[in-house]
Amino acid sequence: MVKNKKAAKKLKRKKTQQSILPAAETIKPLTDEKKFEKGKESPLIEIRTVRFDFIGKNKYWIILSTALIIAGIILFFIRGFNFGIDFLGGNLMEVKFKKEVSITELRKLMEETGYGKAILQSTDKDQYIIRTTPINEEQKDSILNKLDEEIGIEKPLVQDREVAAGFSKTITRNALIAVAISVVGILIYVWIRFAVRFAIVAIIELLHDVLIIFSFYIVTFREFNTTTIAVILTILGYSLSDAIVIFDRIREELRVNKRDSFPLIVNYSINKILVRSLSTTATTLFPVIVLLIIGNETLKDFAFGLFIGVLSGTFSSIFIGAPILIAWNNRFPKYKK
Amino acid sequence: MRSRLFNIIVIIVFVIILGVCFYYMYPFQSSIKLGLDLRGGTQIILKPIERGAEQVTSEAIDKAQFIILNRIDSLGISEPLVTRDFNNNIIVQLPGVDDPERAIDVIGKTAQLEFKILQSVDENENPVFGPTLLTGDKLVKAAAGYDSSGRIVVTMSFNDEGAQQFEKITSENVGQRLAIVLDDEMKSAPVIRQAISGGDAVIEGIPTLEEAKDIALVLQTGALPVNLEIQEVQTIGPTLGQDSLQQSILAGIIGFCLIAIFMLALFRGLGLISITGLLFYIVIFWGILAALETPITLPGIAGVVLTIGIAVDANILIFSRIKEEMIKGKSKSASFVEGFRNALKAIIDSNITTLITAAALYRFGTGPIRGFAVTLAIGIIISMFISLIFIRAILFMVVNSRAVTPRFIGVRIPKSSLVDSQGEVVGKK
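Sequence order for the protein chains is A and B. Once you know that position 109 of the first sequence is 109 in our numbering, the rest is easy, because the numbers rise by one and skip nothing. Once you know that position 402 of the second sequence is 1402 in our numbering, the rest is easy, because the numbers rise by one and skip nothing.
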């Protein structure tokens, strides 16, 4: 009991020092019956230390996230996605020239061939991606011959693609079907293992992450292609495990701690899981960041999406999922308010 | 805690698995099949379209796939892959082919050969035909060559049934013109002078020998039961693919080193166990990919990157729980057992939900997305296996060793701190 008093005193002092965190620390008698049975540990107090208050200052984080999504939506209506040819259809040639060439020179040559509107993108001083509307073999050859005469090109081409317009519809549709089915599967699984509200919150988190990735692609005008879809699917997996790990901690805490309020339990759980969350984010991001630095354009595109997505996935489980769970519980109490 | 013997057996089993994986990994250069986006080559996606009244059935597509494969084989392209996706599109992959024009020509030809009587020519000089009397499926042989007057021709031989029909047609229509129509284009229309027995016929009017060879080839391999529409042709040059691959491997190696340093810094001695686990993970992953002969693609690498994160995550979950229990002041072995038990649910739940996603992607995804789903699923299963069985065995083997101190695990309990009976540090003196 001496220790109990000491701790209580300690707590009182802390409370006056940090009035920002009013409900953040409590003392509670140890209620875990198993520990009693073992009799190894004396049933004293267990202090729930909360180092960071994730729930109180939460507004700002949600505002940040919402602002990003809104910016994305606005720009979506202004200029939309920078879709790759797998979505729009058309031809793409990546050409390595025999000498360095500036984009203006190349543009001029393209105008002479009658394809001045082609999208030109430099991948190296002597290497360009040329994107056109759908053209046939003869038209393609006429462009390549012209470029070969004037500058000289290395054969074979670095890449050469031709996509029928509307083909991506099937890819996108398939991806959507796949996502819809997995969402249903996840809903059911999380419902069984946790509770229906956890399942729905997990889905909301996923939705948030997808919207954030979309917004980043719109705002930075990065090319959106089928690889991007794979990236988004990857992030769904990542974000989901992140959400589940926190849910698991909350579930465990709810079982042993019958005394504290739900918001406190959530806050405590997040604090306990924080080191793990940040560590996992770091370890997942290491290879992604390296790719972002050393990779070629294709890899960078793909690493960029993963980078944003992993950050968003970690963020959403803490700052989006938790407050919704608390708000839900305030409206429809299932756990101690 | 299970017995020491059990743990030893687990470790021995793992060593055997590693040995098997090493066997599949060898030779390192070529054990894993690379997708076209990493090794260079051409991919053609074809959409089957119903022809007239004929429906696109699953059998028809199977047959088309088989015919396409035969045609590519005859072109002498090595290791072609003809697959089919969830939408019944036919995907043709030609590694190392950087000029696909001829391949596309040959693949796309329906090779619908028909013999009809030419009835008249309309005002636009379009031929008007009678009903189809004989089709190319009764053909047994077709070859390109020159005839006696030096013209390029394709000679054809029919089977017995075809030969009988041909004889009947020619005998009934002496004096008429017999049109030979390939893919709705009239190739020639010789006048039938007499009944022809024996079942040989000739296609004339072909400009080059190369084209004659292609026609002979498509006739030989049979007519496609469906029309095919090209959806996508993608050629990746050899340099781009290699660049992507090398950079991904380099990123993997550097990423691995960073993860290793991080784990050592955070968990000290336990980090070492985790690095061993991660190395095992890479070997087993590699071995399984090599054994399954699944080609790995760029999106597949995304899956690998993610699963390495997940594999490490399981370790982090377990180790932080062990640390937590130790800080509470529990004994070493109690902390290990409790830490494991507490982390178990989180690991299983998060991995199963990810597996659900992978399964849905595999079932309903197209080409590259499928590749991604496969690597994701394999990675998750291996990582669960390693974290929950192998690492557990190692941990429980070493837990009683004297070298395993709280410091070894990275737990620091400052002596000058006030620690309550639960081990929570409540403040300094």
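Think of the CB as a built atom: it goes at the ideal place given N, C-alpha and C, for glycine as much as any other residue.
Closer than 7 Å to chain B by CB, residue i
| i | result |
| --- | --- |
| Arg222 of chain A | no |
| Thr228 of chain A | no |
| Arg259 of chain A | no |
| Asn296 of chain A | yes |
| Asn225 of chain A | no |
| Pro134 of chain A | no |
| Ile186 of chain A | yes |
| Gln17 of chain A | Confidence is the limiting factor: at Gln17 of chain A the pLDDT is only 44, short of 50, which leaves the residue's position unreliable, though a coordinate-based value still follows. Chain B, which has no Cβ nearer than 7 Å to the Cβ of Gln17 of chain A, makes this no. |
| Ser215 of chain A | no |
| Arg255 of chain A | no |
| Lys108 of chain A | no |
| Ser364 of chain A | Past the boundaries of the shown model lies residue 364 of chain A; chain A is included only from 1 to 337, so the question cannot be answered. |
| Ile130 of chain A | no |
| Arg193 of chain A | yes |
| Ala322 of chain A | no |
Residue i burial status per 10 Å Cβ neighbour count (16 or more: buried)
| i | result |
| --- | --- |
| Tyr60 of chain A | exposed |
| Gly1162 of chain B | buried |
| Gln1093 of chain B | buried |
| Tyr1023 of chain B | exposed |
| Cys1021 of chain B | buried |
| Asn1124 of chain B | exposed |
| Thr1405 of chain B | exposed |
| Lys334 of chain A | exposed |
| Phe319 of chain A | buried |
| Phe332 of chain A | exposed |
| Pro1225 of chain B | buried |
| Asn267 of chain A | buried |
| Val196 of chain A | exposed |
CA nearest to the CA of residue i, picked from the options
| i | options | result |
| --- | --- | --- |
| Phe247 of chain A | A:Thr123, A:Asp160, A:Val190 | A:Val190 |
| Ile171 of chain A | B:Arg1370, B:Ala1403, B:Gly1410, B:Ile1409 | B:Arg1370 |
| Thr1340 of chain B | B:Val1399, B:Gly1365, B:Gly1222 | Checking the sequence shown, residue 1340 of chain B turns out to be Phe, not Thr. Out of B:Val1399, B:Gly1365, B:Gly1222, B:Val1399 has the C-alpha closest to the C-alpha of Phe1340 of chain B. |
| Val163 of chain A | A:Leu75, A:Gly84, A:Ser316, A:Thr280 | A:Gly84 |
| Lys1168 of chain B | B:Phe1115, B:Phe1066, B:Pro1406 | B:Phe1115 |
| Ile1259 of chain B | B:Ala1311, B:Asn1227, B:Asp1098, B:Thr1208 | B:Ala1311 |
| Arg1363 of chain B | A:Asp242, A:Lys98, A:Ala178, A:Leu187 | A:Ala178 |
| Gly1076 of chain B | B:Gly1241, B:Leu1219, B:Asp1214, B:Asp1349 | B:Asp1214 |
| Leu187 of chain A | A:Leu176, A:Ile203, A:Arg173, A:Asn174 | A:Ile203 |
| Ala118 of chain A | A:Met93, A:Phe194, A:Asn225, A:Phe76 | A:Met93 |
Beta carbon proximity, residue i to chain A, threshold 7 Å
| i | result |
| --- | --- |
| Asn1227 of chain B | no |
| Lys1332 of chain B | no |
| Phe1166 of chain B | no |
| Thr1357 of chain B | yes |
| Gly1271 of chain B | no |
| Leu1064 of chain B | Reading off the sequence shown, one finds Ala at residue 1064 of chain B, where the question assumed Leu. So no, Ala1064 of chain B is outside the interface. |
| Ala1346 of chain B | yes |
| Gly1150 of chain B | no |
| Ile1409 of chain B | no |
| Ser1350 of chain B | yes |
| Thr1353 of chain B | yes |
| Gly1309 of chain B | yes |
Cβ pair count under 8 Å reaching 3, the segment 257-265 of chain A against the segment 1300-1312 of chain B: No: fewer than three Cβ pairs fall under 8 Å.
Inter-stretch contact at 8 Å, needing at least 3 Cβ pairs: the segment 1176-1196 of chain B / the segment 1004-1024 of chain B: The segment 1176-1196 of chain B is not in contact with the segment 1004-1024 of chain B.
Contact set between the segment 1311-1323 of chain B and chain A, restricted to residues whose Cβ is under 8 Å from the partner: Residues of the segment 1311-1323 of chain B with a C-beta atom less than 8 Å from some C-beta of chain A are Val1312, Asp1313, Ile1316, Leu1317, Ser1320, listed in chain order.
Against chain A: residues of the segment 1209-1240 of chain B by CB proximity under 8 Å: Close to chain A, meaning a Cβ-Cβ distance shorter than 8 Å, are the following residues of the segment 1209-1240 of chain B: Glu1229, Ile1230, Gln1231, Glu1232, Val1233, Gln1234, Thr1235, Ile1236, Gly1237, Pro1238, Thr1239, Leu1240.
Short-range partners of chain A found in the segment 1239-1261 of chain B, where Cβ spacing is below 8 Å: Legend: CB atoms of the segment 1239-1261 of chain B lying less than 8 Å from CB atoms of chain A belong to residues Thr1239, Leu1240, Asp1243, Ser1244, Gln1247, Ser1248, Leu1250, Ala1251, Gly1252, Ile1254, Gly1255, Phe1256, Leu1258, Ile1259.
contact_flag[the segment 1379-1395 of chain B, the segment 210-224 of chain A] where n(CB pairs < 8 Å) is 3 or more: Using a Cβ-Cβ distance cut-off of 8 Å, the segment 1379-1395 of chain B and the segment 210-224 of chain A are not in contact, since fewer than three pairs of beta carbons, one from each stretch, lie closer than that value.
Residues within the segment 1291-1307 of chain B neighbouring chain A, beta-carbon criterion of under 8 Å: Answer in chain order: Leu1298, Pro1299, Ala1302, Gly1303, Val1305, Leu1306.
Chain-ordered residues of the segment 1360-1393 of chain B with a beta carbon less than 9 Å from chain A: Residues of the segment 1360-1393 of chain B whose Cβ lies closer than 9 Å to any Cβ of chain A, in chain order: Ala1360, Leu1361, Tyr1362, Arg1363, Phe1364, Gly1365, Thr1366, Gly1367, Pro1368, Ile1369, Gly1371, Phe1372, Ala1373, Leu1376, Ile1380.
Where the segment 233-248 of chain A meets chain B: residues whose CB sits under 7 Å from a CB there: The residues in question are Leu233, Thr234, Leu236, Gly237, Tyr238, Leu240, Ser241, Ile244, Val245, Asp248.
Cβ contact check for the segment 1197-1216 of chain B and the segment 1082-1100 of chain B: 3 or more pairs under 8 Å: Too few Cβ pairs lie closer than 8 Å, so no.
Near-chain B residues of the segment 267-291 of chain A - C-beta to any C-beta below 7 Å: Against chain B - using a Cβ distance shorter than 7 Å - the residues of the segment 267-291 of chain A are Val275, Arg276, Ser279, Thr280, Ala282, Thr283, Thr284, Phe286, Pro287, Val288, Val290, Leu291.
Cβ contact check for the segment 1031-1043 of chain B and the segment 1240-1250 of chain B: 3 or more pairs under 8 Å: With the cut-off at 8 Å, the segment 1031-1043 of chain B and the segment 1240-1250 of chain B touch.
Short-range partners of chain B found in the segment 155-173 of chain A, where Cβ spacing is below 7 Å: Residues Pro156, Leu157, Val158, Gln159, Asp160, Arg161, Glu162, Val163, Ala164, Phe167, Thr170, Ile171.
Interface residues of the segment 1082-1111 of chain B facing chain A [CB-CB below 9 Å]: Result list: Asp1085, Phe1086, Asn1087, Asn1089, Asp1098, Asp1099, Pro1100, Glu1101.
Within 7 Å of chain A by C-beta, residues of the segment 1004-1032 of chain B in sequence order: So nothing in the stretch comes that close.
Contact between the segment 104-116 of chain A and the segment 61-75 of chain A (3+ Cβ pairs under 8 Å): At 8 Å Cβ cutoff, the stretches do not touch.
Contact the segment 1337-1354 of chain B vs the segment 300-312 of chain A: 3+ CB pairs below 8 Å: The count of Cβ pairs closer than 8 Å, one atom from the segment 1337-1354 of chain B and one from the segment 300-312 of chain A, stays below three, leaving the stretches out of contact.
Sufficient close CB pairs (3 or more, under 8 Å) joining the segment 92-102 of chain A to the segment 149-160 of chain A: Yes, they touch.
The segment 1372-1386 of chain B / the segment 268-277 of chain A touching (three or more Cβ pairs under 8 Å): Contact check between the segment 1372-1386 of chain B and the segment 268-277 of chain A: fewer than three CB pairs, one atom from each, fall below 8 Å, which does not count as touching.
Three CB pairs or more closer than 8 Å across the segment 205-212 of chain A and the segment 235-243 of chain A: The segment 205-212 of chain A, when compared against the segment 235-243 of chain A, does touch it at the 8 Å Cβ threshold.
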